[in-house]
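Trainee: Chains as they are written, first to last, in my numbering: chain A, 1 to 84; chain B, 1001 to 1084; chain C, 2001 to 2766; chain D, 3001 to 3256. Dropping a structure here in structure tokens format, bear with me for questions.
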Amino acid sequence: MPRIVVDVMPKPEILDPQGKAIVGALPRLGFDAFSGVRQGKRFELTVDGEVTEEILAQARTAAETLLSNPVIEDVVNVEVVAEA
Amino acid sequence: MPRIVVDVMPKPEILDPQGKAIVGALPRLGFDAFSGVRQGKRFELTVDGEVTEEILAQARTAAETLLSNPVIEDVVNVEVVAEA
Amino acid sequence: MSQQFNIDTVDNAAATPETELPWAELGLKQNEYDDVVKVLGRRPTAAELAMYSVMWSEHCSYKSSKNHLRQFGEKVTEEMKKDMLVGIGENAGVTNLGDGWAVTFKIESHNSPSFVEPFQGAATGIGGIVRDIISMGARPVAVMDPLRFGAIDHPDTARVMHGAVAGIGSYGNSLGLPNIGGEMVFDSVYQGNPLVNALAVGVMRHEDIRLANASGKGNKVVLFGARTGGDGIGGASVLASESFDATKPSKRPAVQVGDPFAEKVLIECCLELFKGSLVEGIQDLGAAGISCATSELASNGDGGMQVELTSVLLRDPTLTPGEILMSESQERMMAVVSPENAEAFEAVMDKWAVEYSWLGEVTDSGRLVITWDGEVIVDVDPRTVAHDGPVYDRPYARPDWQDALQADTFKASPAGVNLPSLGEELKAAVLELVASPNMCDKSWITNQYDRYVGGNTALATPDDAGVIRVDEQTGLGVALATDANGRYAYLDPYHGAQLALAEAFRNVATTGAIPMAVSDCLNFGSPEDPDVMWQLAESIRGLSDACMELGIPVTGGNVSLYNQTGTTPIHPSPVVAVLGKFDDVARRTPSGWHTSADGQALYLLGTTADELDGSEFANLRGHLGGLPPKVDLAAEKLLGDLLINASRDGMIDSAHDLSEGGLAAGLVEMSLRYGVGARVALDDLCERDGVDTFTALFSESQARAVVAVPRSEEVRFNDMTSARGFPVVRLGIVDAASDSLEVQGQFTASIAELREAHEGTLPKYF
Amino acid sequence: MSSNEIPLIGDYSTPDTALSGARIGVVSFPGTLDDRDAARAVRLAGAEPVALWHADDSLGDVDAVVIPGGFSYGDYLRAGAIARFAPMMSRIVDAANSDARLPVLGICNGFQILTEAHLLPGSMIKNDHLKFICRDQVLRVENNSTTWTNQYGIGQEITVVLKNQDGQYVADEKTLDALEAEGQVALRYVGWNPNGSRRDIAGITNAAGNVVGLMPHPEHAVEAGYGPTTDAGTHTGTDGLGFFASVLSTLVGGTK
Ligand SMILES: Nc1ncnc2c1ncn2[C@@H]1O[C@H](COP(=O)(O)OP(=O)(O)O)[C@@H](O)[C@H]1O
Ligand SMILES: [Mg+2]
């Protein structure tokens, strides 16, 4: 079944406590290559049947209204992924 | 600065309460096109400088060990994203 | 219904007796499988095999412990039964509180899942015990969490600790259940086998008590809550090819993920069902899922039930009938509903947006018949599944090392020389003790738990017992404490179990509540090891004897076996919960004094002997040997009576029982409760009891408590103790201005340095 | 329901009308936890609590609304994100913004729902230490002219219960500056900021003062014996009653 992926990230100016904790933990585990980490959300919406333009538009609206909070988050990506 | 994106999703066979709650809410808001939703995590790791093969390998290992819980989650994607 | 597998019907089973079944992979022994064949008079179908294998497991059938557990039911007097509305055997026992109120509580383990995946393992542990409470018809009102992890500095301990605490918090907090107490012990014996026990308590009106039985021919059977997935059947994926053809089994979850939101909705929804009297019988789904729910409901009722399995709503459509029967998916319930109430039942489900499916009905056939698309795949006498499982008299014997262990006393050992005896040495020892992993402040854990939700919490951690108001009009309420000491039980399992009971009893009485009932979770190693079996047998014998002597019955509990790494078992860990009753929780006694208590007199109730074997102090020196402190249940009872009366009559303002860490720990904890100091002298105590100062501070003699008595009450208090002939000695006074704890002639420790020692430990490691 | 019975099933509507005659709605969503506590607080303050169900479309004739704490819809997506779309929320938003200026108090999850519904600016993210925290918390009243804080003194320090997982208040600098300038910071954490909230903000009000949201729980500090601990004794704190007394004084006695 095709899926629509929606990616939501905390706005750059909003502190991301989870990302901060990870960035602190990485070097302790020997991962020294990363200067910053931000943690966002990835949603996979399953569609029964074909992904029409209309359905994609629905996904975009859902992403902006329900799946993200524009005060603190940005929708960074809405895309169709073919069947796995 | 280049970033490495790591996507982590709950394993398909594992209950995803988050996705379940969202799938219940969508039709009430008029979004009727989606038969399933799963909620995962998206990490963006910032790299100072160039993303070498070695750094990408680090990201993959971090994804498997720290960023995901292999008992309940799968790393579905590790990729380099060019500077925004 | 897409069918990827052939169905093994009852007819097929009868026609193909020679077919090989994977009973060994499902955990059955040859004799057990032979019994199944005998009971059925033919080979079981794949689905029947699934049911028997899970229901006859150690976890569901108590096959190794049953013969011993009987003592809990046998060693009870009529007097002890007086307030028992529902005894052992139901999902949880029910105790009469008076005024038409009843209370139900139970403790269970979720040990091994919490090692594999600490967050989800511990979270689903809370979820499971809460469903037991709901299924009795009660509103759950609080939870508790006795925990045991490996050594605090072991690299894996933080993983388990972080996960388990966050999981318990996440699930309990989301249900709106205050966490009112628990335990936290670090010991390397639990490194590969952490203990995550969970207790839930609920209250109800008498008329709301519900039992798990399916009565009334024609009543309908319904499954509601979460959908059924492949949870908890990982080990049994052999059944995925139960048609015995080569169909590739799809993936089954290695661990279960809890959905506390779904459970919260389930609670409200069930309570609404109870209020409308819409269910005849109800059963939660835990271990063994639908196998357990159908066979127990049927055998406890009219004895017959007919179920169509394709009606079960699935999360994973590839599940086979056997897997559906074994699935342990969380947040599900099964109910029996009369046809007249079906519509009203559905309305409640719709209101809460809970999914449900009607599976079948109650019959009077005496058979549990399960069909798959109309074809019979299970046709059994439900009793044989639910109640007639195997029972073993496992061999047990006192271990040959037990005598040597008991002979190795602390003071005679190399660890017991050069003990602190004076001033600064004693002070250093006290600071070391209160900073030690087991004695340190637990707020790193307990601050992650909501202890206020519900607005009825009268006492919670770190007080000796959690206290919950049940009736807002009268203040009627309950107190609960859980305790266990694995080291004591290792040294002497009979008395060790009694010591756990004694401490929980004392904790409850210290708050002023009258102890009424007991629940227990028996965490042990493998019953197939005669040493462990002896520990288990002795603990049950000890606990049941002590309950009889204290006059409080065991109303339910849980046994968790095979807690061992390789051949090394954990310390025997009988966790005991005691429930007490308050006529008015406003009378509860807190465990420390406020500034307003300045000048109050401090008394020690009880006597102190040289009892350091198995103590926290010996543990700090790395020693474990000798005999645990003496048990004196008559003294415990008398002490309890005194504390309860003193609280009721307003003679004491605060009280704290003494247990691990002895008087040193008690005094420090009382001072730190509200950061108010005290001045004490130990000379009278030492002289009367013939002990030195070190022993006075660190001995773990039982049946003791420290109380703060307002000056105006001192005469009355002394009269009361002397009238009862209970030993009491005046230690000193609360001294708010001093900002320190002074042991006269020995040392003074400031509140600040005590606090730094006591509160610094957990944050340092986690 | 007999009088010696606490409601077992969340049905806390009291038959006897309270002295003041004021009716205060308490909204329940799936996953709401502190509704019974909020109702108790309303009753102890002298008003009549009225149960409001998220899926209903009418406010009935309530004079004010409390949106209590909990984990509506599990807080799985974001705290308050799904609850915000309930029919009852549309009614509340309309009534709060109408000329009648319905008084609305959002506590904890209720505050989160109010920000998701854009009745109040900003948002809440995970606590900076990433853990759930439960403690007795001191707050300072920064604005005592709102409908819900008018019985406190300005600068008064009160102790209430705090318990949350996503309690870190955030907004962009411009919004924060505007809040400060307009006096819309209603309450601030004192002594220790328990979650990393910007500018120690514990609660805010809308410009009109009828809508207030805060993360700590005043409804858990209304009854001696069950509230936060104070110097007077274990669990004796009742400082939270002021919120409910405040709305009552507005409703019954006109403005203060
Ligand atoms: N895991 C935990 N969860 C909740 N409360 C806990 C936990 N561990 C300890 N506590 C609480 O901390 C306090 C001190 O614990 P402990 O020293 O074991 O008490 P006691 O010796 O009186 O049994 C008690 O109130 C206990 O309920
Ligand atoms: Mg105690």
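Glycine included, every Cβ here is placed at the ideal spot set by N, Cα and C. Since the model is a prediction, treat every value here as computed from it, not as a measurement.
Any idea which residues DSSP pairs THR2363 (chain C) with across the strands?
Mentor: BP columns for THR2363 (chain C) point to C:GLY2304.
Trainee: How big is the Cα-Cα spacing for GLY2542 (chain C) and ARG2716 (chain C)?
Mentor: Each residue's Cα considered, the two are about 37 Å apart.
Trainee: Determine the DSSP secondary structure at LEU2501 (chain C), reduced to helix, strand or coil.
Mentor: Three-state DSSP puts LEU2501 (chain C) in a helix.
Trainee: Can you tell me which of the three DSSP states ILE3268 (chain D) falls into?
Mentor: Outside the displayed range of chain D (3001 to 3256) lies residue 3268 (chain D), so it cannot be described from this structure.
Trainee: Using a Cβ-Cβ cut-off of 6 Å (strictly less than) and excluding sequence neighbours within five positions of TYR2033 (chain C), which residues of its own chain qualify?
Mentor: Taken in chain order, the residues that qualify are TRP2023.
Trainee: Is PHE2582 (chain C) helix, strand or coil by DSSP?
Mentor: PHE2582 (chain C) falls in the strand class under three-state DSSP.
Trainee: Report yes if the C-beta distance between MET2136 (chain C) and ALA2386 (chain C) is below 8 Å; otherwise report no.
Mentor: In this structure, ALA2386 (chain C) does not lie closer than 8 Å to MET2136 (chain C) by Cβ.
Trainee: Can you tell me whether MET1001 (chain B) is buried or exposed? The criterion is at least 16 other CB atoms within 10 Å of its CB, across all chains shown.
Mentor: Exposed.
Trainee: With 8 Å set as the bound, which would you pick, yes or no: does the beta-carbon of ARG3078 (chain D) sit closer than that to a beta-carbon of chain A?
Mentor: Chain A, which has a Cβ nearer than 8 Å to the Cβ of ARG3078 (chain D), makes this yes.
Trainee: Alpha carbons only, please: which of B:GLU1079, B:VAL1047, B:ILE1072 is nearest the one belonging to GLY2258 (chain C)?
Mentor: It is B:ILE1072 whose Cα lies nearest to the Cα of GLY2258 (chain C).
Trainee: Among the residues of its own chain, which have a CB less than 7 Å from the CB of VAL2010 (chain C), if the five just before and after it don't count?
Mentor: Counting only Cβ-Cβ distances below 7 Å, and skipping sequence neighbours, we find THR2045, VAL2376, ILE2377, ASP2379.
Trainee: Using the C-alpha atoms, what's the distance from VAL2037 (chain C) back to PRO2321 (chain C)?
Mentor: Cα to Cα, PRO2321 (chain C) sits roughly 20 Å from VAL2037 (chain C).
Trainee: Thinking C-beta only, is GLY2230 (chain C) closer than 8 Å to LEU2319 (chain C)?
Mentor: A contact, by the Cβ cut-off of 8 Å.
Trainee: Is any beta-carbon of chain B found at less than 8 Å from that of GLU44 (chain A)?
Mentor: Chain B contact via Cβ: present.
Trainee: Between D:VAL3212, D:ALA3186, D:ASN3206, which has its C-alpha nearest ASP3200 (chain D)'s C-alpha?
Mentor: Among D:VAL3212, D:ALA3186, D:ASN3206, the Cα nearest to that of ASP3200 (chain D) belongs to D:ALA3186.
Trainee: Of all the options D:MET3089, D:GLY3237, D:SER3197, which has the alpha carbon lying nearest to the alpha carbon of ASP3128 (chain D)?
Mentor: When each option's Cα is compared against that of ASP3128 (chain D), the closest is D:SER3197.
Trainee: Shorter than 8 Å from the beta carbon of PHE3029 (chain D) to some beta carbon of chain C?
Mentor: Not one chain C Cβ lies under 8 Å of PHE3029 (chain D).
Trainee: Using CA atoms only, rank isn't needed, just tell me which of B:ASP1007, B:LEU1015, B:VAL1006 is closest to ARG2252 (chain C).
Mentor: Taking only the C-alpha atoms, the option nearest ARG2252 (chain C) is B:LEU1015.
Trainee: Provide the residue span of the beta strand (DSSP E) that contains HIS2656 (chain C), from first to last.
Mentor: Start and end: 2654-2657.
Trainee: Quick test of your reading: SER2596 (chain C) and ASN2523 (chain C), contact by CB under 8 Å. State the CB separation rounded to the nearest angstrom.
Mentor: That pair is no contact at about 42 Å.
Trainee: If the cut-off is 9 Å on Cβ atoms, which residues from the segment 3102-3120 of chain D count as contacting chain A, listed in chain order?
Mentor: Residues passing the 9 Å Cβ filter: THR3115, GLU3116, HIS3118.
Trainee: Going straight from the alpha carbon of LEU29 (chain A) to that of ARG2131 (chain C), what length do you get?
Mentor: Approximately 40 Å between the Cα atoms of the pair.
Trainee: Judging by CA-CA distance, which residue of C:GLN2564, C:GLY2551, C:HIS2758 is the nearest neighbour of ASP2529 (chain C)?
Mentor: Measuring from the Cα of ASP2529 (chain C), the nearest candidate turns out to be C:GLN2564.
Trainee: Taking the runs of the beta strand (DSSP E) that are 3 residues or longer, which of them lie wholly in the segment 4-64 of chain A?
Mentor: Runs of the beta strand (DSSP E) inside the segment 4-64 of chain A: 34-47.
Trainee: Cβ of TRP2593 (chain C) less than 8 Å from any chain D Cβ?
Mentor: Judged by the 8 Å Cβ criterion, TRP2593 (chain C) is not in contact with chain D.
Trainee: Using 8 Å as the threshold, is the C-beta distance between SER2109 (chain C) and VAL2196 (chain C) below it?
Mentor: In this structure, VAL2196 (chain C) lies closer than 8 Å to SER2109 (chain C) by Cβ.
Trainee: What in chain A is Cβ-close to GLN3151 (chain D), meaning under 8 Å?
Mentor: What GLN3151 (chain D) touches in chain A: nothing, since even the nearest Cβ is about 31 Å away.
Trainee: Taking 8 Å as the cut-off, does the segment 3166-3179 of chain D touch the segment 3223-3243 of chain D (at least 3 CB pairs, one atom from each stretch)?
Mentor: At 8 Å Cβ cutoff, the stretches do not touch.
Trainee: At a Cβ threshold of 8 Å, is GLY1040 (chain B) touching chain A?
Mentor: By this cut-off, GLY1040 (chain B) is an interface position.
Trainee: Report buried or exposed for GLU2355 (chain C), applying the criterion of at least 16 other Cβ atoms within 10 angstroms of its Cβ.
Mentor: It counts as exposed.
Trainee: Closer than 8 Å by C-beta to GLY2416 (chain C): which residues in its own chain qualify, once you throw out the five before and the five after it? Chain order, please.
Mentor: Closer than 8 Å at the Cβ level, and outside the excluded window around GLY2416 (chain C), lie THR2409, PHE2410, LEU2612, ALA2618, ARG2621, HIS2623.
Trainee: Who are the neighbours of LYS2264 (chain C) on chain D, taking C-beta pairs under 7 Å?
Mentor: Simply GLY3031.
Trainee: From the DSSP secondary-structure annotation, give me the bridge partner or partners of LEU2480 (chain C).
Mentor: Looking at the DSSP assignment, LEU2480 (chain C) forms a beta bridge with C:GLY2466, C:LEU2579.
Trainee: What is the residue span of the alpha helix (DSSP H) that ASP2132 (chain C) lies within?
Mentor: Here the alpha helix (DSSP H) through ASP2132 (chain C) covers 2118-2134.
Trainee: According to DSSP, is ALA3181 (chain D) part of a helix, a strand, or is it coil?
Mentor: In the structure shown, ALA3181 (chain D) sits in a helix (DSSP, three-state: H, G or I).
Trainee: Buried or exposed: where does PRO2118 (chain C) fall if 16 or more other Cβ atoms within 10 Å of its Cβ makes it buried?
Mentor: The residue in question, PRO2118 (chain C), is buried, as its Cβ has 16 or more Cβ neighbours within 10 Å.
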